[in-house]
Structures are given as structure tokens and as C-alpha cells.
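What follows is one structure encoded as C-alpha cells, with my remarks underneath.
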Amino acid sequence: MEILYVILALLVFGFMILVHELGHFLFAKLFKVEINEFSIGMGPKLFSKKGRDNVQYSLRLFPIGGYVAMEGEGEESDNPNAFYKKPAWQRFVIVIAGAFVNLLVGSLIMTILTLSSPYYGTTIIAEFSENSVSEACGLEVGDEIIKVGNVRVHTYDELSYEIMRNGYAPVDITFVRKGEEYTKEVTFDTSISEGISFGKMDFKVLGERKSFSSVCKNAFYSTKSAIKMVWDSLIDLIIGRYGFEHVSGPIGVTGAISQAAQISPYSFFYMIVIISMNLGVFNLLPIPALDGGTLVFLIYEMIFKKPVPRKFESISKAITMVLLLLLVIVVTFKDIVNLF
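Residue numbering for the sequence shown follows my numbering, starting at 1 and increasing by one per position.
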């Protein structure tokens with residue numbers, strides 16, 4: 001049974017890569033860019049076939065990414081449909097489309113998960129747990145929490161996440177009580193997981209019945225919270241709250257998907273949401289080898305009406321690609337060691 005979950009996880013990971021590359025591919029086709037190859041995976045070819053559109057469709061060994069190889073992308077070409085000969089705004093749309101599709105797929109799955117819930121949690125305190133620390137700090141039943149720290153919260157998902165992330169230390173809680181707005185510094189109980197402290201919400205909240213407006217609200221803010229969670233994780237990694245041991249590569253991600261699938265269908269699909277959001281956000285980082293780096297070059301071109309020198313762009317992309325591949329190798333080795 002375990003191997004079936006691993007196969008399922010690999011299929012999910014491949015699907016996420018597929019939809020990302022499909023975003024680039026479809027818009028490149030729309031703008032009539034000549035495409036040489038559409039590949040899922042990197043490294044040696046497992047399967048390759050040329051389609052009627054003259055595009056080489058490939059499946060490669062290592063599931064660490066994929067690519068759409070367009071004519072004139074990083075090299076000179078006499079082809080009038082070469083990528084670099086298209087207007088800058090069209091190239092911008094083609095490049096950003098991959099991340100956009102990942103975010104769109106994640107949003108759609110999150111909406112489906114939201115629709116599957118019979119009711120939703122609000123941010124209104126209904127009941128405190130025994131010996132509640134937050135109650136001792138001055139919160140009361142009926143308080144409607146609207147902010148945790150500087151972050152505004154609208155749903156239970158946002159509230160619980162912000163307390164988990166910021167409640168490991170005293171944090172300002174802004175709430176509405178009898179029509180008046182107050183702010184108190186509140187302390188929460190904490191838990192430690194893999195050496196990292198998290199805040200524990202020590203109260204229950206009122207529920208909200210399903211309606212058209214509540215579905216729309218919860219789907220929107222749950223999606224927003226998932227994207228923010230991905231972004232916060234990147235920031236926490238940079239500032240050192242998370243260490244290298246918390247970074248996962250394809251093997252670690254595959255294991256996480258497999259574990260989520262064994263817990264429940266909700267956990268499985270929520271994990272797909274997080275992975276999809278991760279791919280979308282990560283690819284928009286301003287690193288030359290990623291889509292975000294290319295977008296920076298294109299923004300420069302649109303502002304100053306001239307492209308970044310092609311030699312500089314090619315060298316910077318090559319160097320950062322090598323560094324990213326080395327990082328993937330190191331992280332993958334770490335994940336393999338952790339398996340044993």
C-alpha cells in the first residue's frame with residue numbers, strides 16, 4: 001500500500017509541473033512563438049515524440065522541474081517567430097503564465113475544499129479551554145478578533161494560522177467588544193515541533209453556516225492565507241527561523257504528499273494546494289534562472305525601451321541555474337539520508 005501512495009505522490013508532483021509548463025506553452029502558442037520542445041522532468045529522456053505541430057514532447061528522468069524550449073530564448077535566431085522577437089508585453093505574459101496557472105489551480109482546489117465544508121469558523125470567541133492563557137490576558141467570550149499583530153484576519157483559517165505563526169511570543173490582538181475596538185498584548189501556550197516554537201490557539205470560535213457569501217469569503221481568504229503561508233515560510237527561511245534541515249526537495253515533497261494521502265482526502269488535497277502555491281510563488285522570485293528573474297529583465301526592457309544585454313542575461317541565468325541545481329542535489333541527498 002505504501003508504494004501506491006508514493007506513486008500517487010509522484011503523479012501529483014508531475015501534474016503540478018505539467019500545469020506550470022502548460023501555462024508557458026499555451027500562451028507561447030497564442031502569440032505564435034516557435035516551440036522546439038515541451039519537457040516534463042529534467043535529465044535523460046525516458047520518452048520523446050515529435051507532434052504534428054513540430055514540437056518535441058519529452059518525459060525526462062528527474063522530476064525536479066520541466067521546461068518549454070522556445071526558439072530564440074537565450075540565443076540569436078533568424079526565425080521571425082523567435083521568442084525574443086515578440087513584443088516585451090507578450091513575452092511578459094508567456095513567462096508569468098506558468099506561475100499564474102499554479103496559483104489558479106491551487107485556488108480552484110481550495111475553493112472545492114471550502115465548498116466541501118458544512119460550515120465555517122468565524123473569528124468570534126465562543127469558548128475558552130481550561131486554564132486558558134489568552135483569557136487570563138483579558139480576552140472574553142464574544143470578542144471578535146480582527147487583527148493578530150499587524151495582520152487583519154477575516155476567517156478561522158487566517159486566525160488560527162496567524163496565532164500559530166506569531167503566537168509563540170506575546171502578540172497584540174485587536175478585537176471588537178460591544179461595538180468598541182480594543183488592542184491587548186496576549187500570550188498563548190506554545191508547542192515545539194522540530195525545534196521551532198508555534199503558538200497554540202486556546203479557545204473555540206463560533207461557526208457560520210454555509211451560504212453563497214460565506215463560501216466566497218472563506219474560499220478567497222483561505223486561498224490568500226495559503227499564499228501568505230508560502231511567502232512567510234520563505235521569509236522565515238531567510239531570517240533563520242527555519243534552518244536548512246527544514247528545506248525539502250522532490251523526495252521530501254513526495255514523502256509529504258504520501259503522508260497527507262494516508263491521513264485523509266482533505267489533507268491530501270490541501271497538500272496539493274500548498275505545493276501548487278509553492279511552485280507559483282517560488283518561480284516568481286527575482287532569481288535570473290527562474291521566471292521571476294526573466295520578468296525583472298522584461299520590466300527593465302519595458303521601462304527603458306531597450307533589452308538587458310543578452311550576454312549578461314545568458315550568463316546570469318546559467319550561473320544561477322547551476323547554483324539551483326547544486327542546491328537541489330544537496331537537499332535531495334539530505335532527504336535520502338533522512339529516509340534512513
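Glycine is no exception: its CB is placed at the ideal position from the N, C-alpha and C atoms.
Predicted model, so just to flag it, every value in this text is computed and none were measured.
Buried or exposed by the 16-neighbour rule on C-beta atoms within 10 Å, applied to residue i
| i | result |
| --- | --- |
| V33 | buried |
| M1 | In this prediction, M1 has a pLDDT of 46, which is less than 50 and means its spatial position is unreliable; what the coordinates show is noted afterwards. By the 10 Å Cβ count, M1 comes out exposed. |
| S213 | exposed |
| T254 | buried |
| N218 | buried |
| G125 | A small fix is needed here, since residue 125 is Ile in this sequence, not Gly. With 16 or more Cβ atoms within 10 Å of its Cβ, I125 is classed as buried. |
| R91 | buried |
| I239 | exposed |
| I274 | buried |
| M329 | The question names Met, but residue 329 in the sequence shown is Ile. Exposed, since its Cβ has fewer than 16 Cβ neighbours within 10 Å. |
| Y67 | buried |
| K311 | exposed |
| E71 | buried |
| F175 | buried |
| F27 | buried |
| I173 | buried |
| E158 | buried |
For residue i: DSSP bridge partner residues
| i | result |
| --- | --- |
| R209 | Y119 |
| S193 | I196 |
| E75 | Answer by DSSP bridge pairing: none, since E75 is not bridged. |
| E21 | For E21, which the question treats as bridged, DSSP gives no partner whatsoever. |
| F128 | F203 |
| R310 | According to DSSP, which records beta bridges pairwise, R310 is partnered with nothing at all. |
| M70 | I35 |
| R177 | E180 |
DSSP state of residue i mapped onto helix, strand, coil
| i | result |
| --- | --- |
| Y161 | helix |
| L139 | coil |
| M1 | Any reading at M1 needs caution, since the residue's pLDDT is 46, under 50, leaving its predicted position unreliable; the model's value is listed next. M1: coil per DSSP, three-state reduction. |
| G41 | strand |
| Y57 | strand |
| K32 | coil |
| K50 | strand |
| D172 | strand |
| Y300 | helix |
| I94 | helix |
| M201 | coil |
| I145 | strand |
| T183 | strand |
| V153 | coil |
| Y221 | helix |
| I64 | strand |
| A289 | coil |
| L284 | coil |
| I27 | In the sequence as displayed, the identity of residue 27 is Phe instead of Ile. Three-state DSSP puts F27 in a helix. |
| G343 | An answer regarding residue 343 cannot be provided, because it is not within the stretch 1 to 340 covered by the chain. |
Is it true that the stretch 264 to 273 meets the stretch 282 to 294, where meeting means three or more beta-carbon pairs spaced less than 8 Å apart? no
List in chain order: all unbroken alpha helix (DSSP H) runs of 4+ residues lying wholly within the stretch 247 to 272. 250 to 263
Cβ contact (3+ pairs, closer than 8 Å) linking the stretch 34 to 50 and the stretch 105 to 114: no
With a threshold of 8 Å, are at least 3 pairs of Cβ atoms found where one atom belongs to the stretch 312 to 332 and the other to the stretch 220 to 240? no
Inter-stretch contact at 8 Å, needing at least 3 Cβ pairs: the stretch 110 to 118 / the stretch 294 to 308: no
Does the stretch 177 to 189 come close enough to the stretch 129 to 146 to have 3 or more Cβ pairs within less than 8 Å? yes
Under 8 Å: do the stretch 159 to 171 and the stretch 190 to 198 share three or more Cβ pairs, one atom per stretch? yes
Does the stretch 134 to 142 come close enough to the stretch 200 to 210 to have 3 or more Cβ pairs within less than 8 Å? yes
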